[in-house]
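A.B. asks:
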Amino acid sequence: MRILFYTGKGGVGKTSVAAATALRCAQRGYRTIVLSTDAAHSLGDSLGVELRAEPIEVAPNLWAQEINALHELESNWGEVSQYMADLLAWQGADTIAQGELSVIPGTEELFSLLQIKRHYDEGRFDVLVVDAAPTGETLRLLSMPDIMRWWISRLFPVARALLKVVRPVARRVTDMPIVNDDVLASAQKAIDALVEVRTILTDQQVTTARIVMNLEKMVIREAQRSLTYLSLFGYAVDAVVVNRILPVEVDGHFASWRSMQQEYAPHVDQMFSPLPILRSPHFPREIVGTELLSTLADRLFGDGDPASFLYQGPMQRIEKADGGYDLILPLPFASEDQVHLAQSADELLISVGWYRHRIALPQTLARLHAEDAYFEDDLLRVAFRRGVA
Numbered sequence: 196m197r198i199l200f201y202t203g204k205g206g207v208g209k210t211s212v213a214a215a216t217a218l219r220c221a222q223r224g225y226r227t228i229v230l231s232t233d234a235a236h237s238l239g240d241s242l243g244v245e246l247r248a249e250p251i252e253v254a255p256n257l258w259a260q261e262i263n264a265l266h267e268l269e270s271n272w273g274e275v276s277q278y279m280a281d282l283l284a285w286q287g288a289d290t291i292a293q294g295e296l297s298v299i300p301g302t303e304e305l306f307s308l309l310q311i312k313r314h315y316d317e318g319r320f321d322v323l324v325v326d327a328a329p330t331g332e333t334l335r336l337l338s339m340p341d342i343m344r345w346w347i348s349r350l351f352p353v354a355r356a357l358l359k360v361v362r363p364v365a366r367r368v369t370d371m372p373i374v375n376d377d378v379l380a381s382a383q384k385a386i387d388a389l390v391e392v393r394t395i396l397t398d399q400q401v402t403t404a405r406i407v408m409n410l411e412k413m414v415i416r417e418a419q420r421s422l423t424y425l426s427l428f429g430y431a432v433d434a435v436v437v438n439r440i441l442p443v444e445v446d447g448h449f450a451s452w453r454s455m456q457q458e459y460a461p462h463v464d465q466m467f468s469p470l471p472i473l474r475s476p477h478f479p480r481e482i483v484g485t486e487l488l489s490t491l492a493d494r495l496f497g498d499g500d501p502a503s504f505l506y507q508g509p510m511q512r513i514e515k516a517d518g519g520y521d522l523i524l525p526l527p528f529a530s531e532d533q534v535h536l537a538q539s540a541d542e543l544l545i546s547v548g549w550y551r552h553r554i555a556l557p558q559t560l561a562r563l564h565a566e567d568a569y570f571e572d573d574l575l576r577v578a579f580r581r582g583v584a
C-alpha cells in the first residue's frame, strides 16, 4: 500500500487537496481510499456525499470514510466501552449520556490511526490518502504511538500488578466498577497496534507526508515548523503544496493579496528546496464534487502520478566516527538554541520547541554517552562517545 498524509494549517484547503489526490489516484486505476482524521469532518462535504463510519464507494475505484469514535468504540472495543458505560452509570449518568460521555477526548484521532493499520493489514486498497487534522492536532496525533510505547514499557506492568492487589480490597469498600483484566487486555491491544502504526507511517517506502500551505507569512512559518517536527518524529515529507494562488487579473482588494503572494512565492522555492512545490490556483467557486476536484488534480499533478514518491531525501542514520558513532537526524528550519537533548539508558529525548521525541537507541549507541550535538546544514549530528552518561 502507498500512504499519502496531508497536513497543514487550518483553512488552507487541505481537505480539497487530499480529496483531489485520492480522486486522481482512483482515475489512474488504483483502488483508493481517503479518510479524515479531522474532527471537523469536511471530507464528505468536499466529495459532495454523506460519509459513514465504514468505507463507502463514492466514485469508480474510490472509497471514503469518516471516523466515528462512538461507532469504533462499540464495534471493536466492547470491553472498554462496557466498562466506561458501567462507570458512568455508577456516577448516575442516564443511558443516552453514557454513550456520549464514554468517548474520551482524543479517541477519535486514536481510532483514525487504528483505521490506517486496519486498511494496511487488510490490503484491499492500493493507495490510502489521509486528510489529517490541522498541524498542531496532527503532530500530537503522530506523536501518540511514542507516548503509548512509553506507557507499555513503564506503566502498564505496574498498573496490572497494582490492580491485582487493590481490586479485592476495593470490592469490599465500594461498589464502583473496577477495571478488569479483559479491559486492560483490550487497551493493551490498542496500544500495541498504535506502536505498529508508527512503524507503518515511518516506513519511507510506504508513507510520505505532504504539507499544504497558502502564500501568507504565518502559514509559511507554520509549514516550516511542520517540516521540522515531522522530521523530528521520523516522518518523511515528499512535497509542499502551495494552494489558492490568485490569478494575475484580480483587482481591488484582491490585487493587494496577489501582490503579497508574489512577494512570498520565490522565497518558498528557496525555503523548501529540494522538496518539489506543487501549485494550485484560487478557484472562483467552492471546490465541491468530483468534477471540480478533478480540475484541481489537473492543476496539481498534470499528467503525473500522485501516488509516486515525489522526493526521497535523507533520513535518520548512524555513522561510525573516531571514538564512537554519530546519530544524524534531518531537522530543517531548526537551530541549535531550539534543540535540547537528554539521554537516559537506551533512550535519547530530543526537544524542539514544544515537541519532544524519544528515540530508542540501539545497543551500539546506548552504551555510549551523547556528549555533543551540532548542525551541519539541516542535519543535526549527535556525537556518541565513550564516557559516563
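For my numbering, add 195 to where a residue sits in the sequence shown, where the first one is 1.
Glycine is no exception: its CB is placed at the ideal position from the N, C-alpha and C atoms.
Quick one: Cα of Gln-456 to Cα of Ile-440, how far?
C.D. replies: Residue mapping note: residue 456 aligns to position 261 of the sequence shown, counting from 1. Residue mapping note: residue 440 aligns to position 245 of the sequence shown, counting from 1. Using only the alpha carbons, I get a separation of about 7 Å.
A.B. asks: Buried or exposed: which applies to Glu-417, given that a residue is buried once 16 or more other Cβ atoms fall within 10 Å of its Cβ?
C.D. replies: Position 222 of the sequence shown, counting from 1, holds the residue named residue 417. Buried: at least 16 other Cβ atoms inside 10 Å.
A.B. asks: May I have the straight-line CA-CA distance separating Asp-442 from Gln-465, to the nearest angstrom?
C.D. replies: The residue given as residue 442 occupies position 247 in the sequence shown. The residue given as residue 465 occupies position 270 in the sequence shown. Correcting the residue type first, residue 442 is Pro in the shown sequence and not Asp. When rounded, the distance between both Cα atoms is 22 Å.
A.B. asks: Does DSSP classify Gln-457 as helix, strand or coil?
C.D. replies: The residue given as residue 457 occupies position 262 in the sequence shown. In this structure, Gln-457 counts as helix in the three-state DSSP scheme.
A.B. asks: Taking Leu-425 as the reference, which of Met-196, Ile-198, Arg-197, Thr-202 has the closest Cα?
C.D. replies: Your numbering for residue 425 matches position 230 in the sequence shown. Of the listed residues, the one whose Cα sits closest to Leu-425 is Thr-202.
A.B. asks: By the DSSP assignment, the alpha helix (DSSP H) with Gln-222 in it spans what residues?
C.D. replies: Position 27 of the sequence shown, counted from the first residue, corresponds to residue 222. Note, Gln-222: alpha helix (DSSP H), 209 to 222.
A.B. asks: From Tyr-225 to Gly-499, what does the alpha carbon distance come to, in whole angstroms?
C.D. replies: In the sequence shown, the residue the question calls residue 225 occupies position 30. In the sequence shown, the residue the question calls residue 499 occupies position 304. So the alpha carbons of these two residues sit roughly 14 Å apart.
A.B. asks: When DSSP labels each residue in this structure, what does Val-547 get in the three-state scheme?
C.D. replies: Stepping through the sequence shown from its first residue, residue 547 is reached at position 352. For Val-547, the secondary structure class from DSSP, reduced to helix, strand or coil, is strand.
A.B. asks: Buried or exposed for Val-577, please, with buried defined as at least 16 other CB atoms from any protein chain shown within 10 angstroms of its CB.
C.D. replies: Counted from its first residue, the sequence shown places residue 577 at position 382. Val-577 is buried by the Cβ-count criterion.
A.B. asks: When you compare each of Ile-415, Thr-394, Leu-257 to Ala-221 by their alpha carbons, which one comes out closest?
C.D. replies: Locating residue 221 in the sequence shown gives position 26, where the first residue counts as 1. The shortest C-alpha separation from Ala-221 is found at Leu-257.
A.B. asks: What is the rounded straight-line gap between the Cα of Gly-294 and the Cα of Asn-263?
C.D. replies: Residue 294 sits at position 99 when you count from the first residue of the sequence shown. Residue 263 sits at position 68 when you count from the first residue of the sequence shown. Residue placement at Gly-294 cannot be trusted, given a pLDDT of 48 that sits under 50; what the coordinates show is reported in the next sentence. About 13 Å.
A.B. asks: Entirely within the segment 492 to 578 and at least 3 residues each: give me those beta strand (DSSP E) ranges in chain order.
C.D. replies: 512 to 516, 519 to 525, 534 to 539, 542 to 547, 550 to 555, 564 to 571
A.B. asks: For Ala-292, which residues of its own chain have a beta-carbon under 6 Å away from its beta-carbon, when the five flanking residues on both sides are left out?
C.D. replies: Here residue 292 is taken as the residue at index 97 of the sequence shown, counted from 1. Low local confidence applies: a pLDDT of 44 at Ala-292 is under 50, so the model's placement there is unreliable, and no value is given.
A.B. asks: Applying the 10 Å Cβ sphere with the 16-neighbour rule, what's the burial state of Ala-431?
C.D. replies: Here residue 431 refers to the residue found at position 236 of the sequence shown. With 16 or more other Cβ atoms within 10 Å, it is buried.
A.B. asks: Exposed or buried, what is Pro-479 when buried is set at 16 or more other beta-carbons lying within 10 Å of its beta-carbon?
C.D. replies: Walking along the sequence shown from the start, residue 479 turns up at place 284. Answer is exposed; the Cβ neighbour count stays below 16.
A.B. asks: Starting from Arg-416, follow the alpha helix (DSSP H) in both directions and report where the run begins and ends.
C.D. replies: Counting from one through the sequence shown, the residue named residue 416 turns up at place 221. From DSSP, the alpha helix (DSSP H) with Arg-416 extends over 412 to 427.
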